[in-house]
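Notes to accompany the following structure.
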Amino acid sequence: MGLQVIGLIGMCLNLKPCKQIYAAICGLFLIGCTIIAIILLSKWKEVYQTLSRCGNITFDLKFRWKDEFLMNIQKENQCCGITSKRNWGWGSMAYPPSCCKYEPLACFSPYEEPCVPFLAEHGNWLWIIVIGSMFSVVFLSPVVLVCMFYQPRDRIIREPFTVI
338 MGLQVIGLIG
348 MCLNLKPCKQ
358 IYAAICGLFL
368 IGCTIIAIIL
378 LSKWKEVYQT
388 LSRCGNITFD
398 LKFRWKDEFL
408 MNIQKENQCC
418 GITSKRNWGW
428 GSMAYPPSCC
438 KYEPLACFSP
448 YEEPCVPFLA
458 EHGNWLWIIV
468 IGSMFSVVFL
478 SPVVLVCMFY
488 QPRDRIIREP
498 FTVI
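Take the sequence shown: its letters are residues 338 to 501, numbered as in the numbering used here.
And the structure:
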């Protein structure tokens with residue numbers, strides 16, 4: 338937040354030191370983000386394997402009956418639980434109404450399919466948004482910085498020198 342204030346003050350009041358501080362910090366930030374992105378992309382197979390292993394975690398959803406996001410995913414996609422219907426626990430009344438086709442008060446025969454594939458679809462959109470935002474920042478920020486340094490400045494008009 339402070340960086341944006343420095344940039345705004347520099348642009349509005351045409352203060353060169355504020356603009357230089359803003360440009361230097363933004364430049365360092367962009368270089369850091371680019372390095373992190375390159376490392377992440379070069380190690381993507383290892384990251385993907387680690388994330389795949391996280392799918393073997395057992396999720397306890399016994400106390401998540403009011404989670405609207407999960408309930409909507411289960412209703413829309415006719416699935417139950419994250420990795421299996423057992424995430425809701427064992428017993429005859431262990432399943433929320435969104436796990437059943439007709440949503441009765443007591444769900445005895447829930448959907449067999451887990452919701453992981455449908456949750457992964459939401460994750461793909463998140464990655465697209467994050468990477469798209471990062472690339473737009475990386476490619477558009479240099480243009481903004483160049484425009485900021487080469488903006489028209491107020492020129493002092495000098496009167497011609499006259500000899501008396």
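Think of the CB as a built atom: it goes at the ideal place given N, C-alpha and C, for glycine as much as any other residue.
Pick out whichever of Trp425, Ile410, Tyr385 and Leu350 has its Cα sitting closest to the Cα of Ser446. It is Trp425.
For Tyr385, which three-state DSSP category applies? Under the three-state reduction of DSSP, Tyr385 is assigned to helix.
Please report the distance separating the alpha-carbon of Asn414 from that of Ile368. Each residue's Cα considered, the two are about 42 Å apart.
Have a look at Ile358 and Pro434 and give me their C-alpha separation to the nearest angstrom. Per the coordinates, the alpha-carbon of Ile358 lies some 57 Å from the alpha-carbon of Pro434.
The alpha helix (DSSP H) spanning Cys370 covers which residue range? Lys353 to Ser379 is the span of the alpha helix (DSSP H), which, as asked, contains Cys370.
Per DSSP, what kind of secondary structure is Cys349 in: helix, strand or coil? Taken through DSSP and simplified to helix, strand or coil, Cys349 comes out as helix.
Outcome for Ile419 when other beta-carbon atoms lying within 10 angstroms are tallied against a minimum of 16: Flag for Ile419 reads buried.
Same chain, Cβ closer than 7 Å to Gln411, neighbours up to 5 away in sequence not counted: Closer than 7 Å at the Cβ level, and outside the excluded window around Gln411, lie Cys417, Ser435, Cys436 and Cys452.
If you run the structure through DSSP and keep just helix, strand and coil, what is Cys436? Cys436 falls in the helix class under three-state DSSP.
Please name the residue, chosen from Tyr432, Ser421 and Leu398, that lies closest to Pro454 on a Cα-to-Cα basis. When only C-alpha atoms are compared, the closest one is Ser421.
Just to check my reading of the structure: Met471 and Cys370 have Cβ atoms closer than 8 Å, yes? What is that Cβ distance to the nearest angstrom? Yes, Met471 and Cys370 are in contact; Cβ-Cβ is about 6 Å, under 8 Å.
Distance, Cα to Cα, Ile468 vs Leu378? About 11 Å.
Per DSSP, the bridge partner or partners of Arg452: Contrary to the premise, residue 452 reads as Cys rather than Arg in this sequence. DSSP, once it has assigned bridges, lists no residue as partnering Cys452.
Looking at the unbroken alpha helix (DSSP H) that takes in Lys412, where does it start and where does it end? Unbroken alpha helix (DSSP H) run through Lys412: Glu405 to Asn414.
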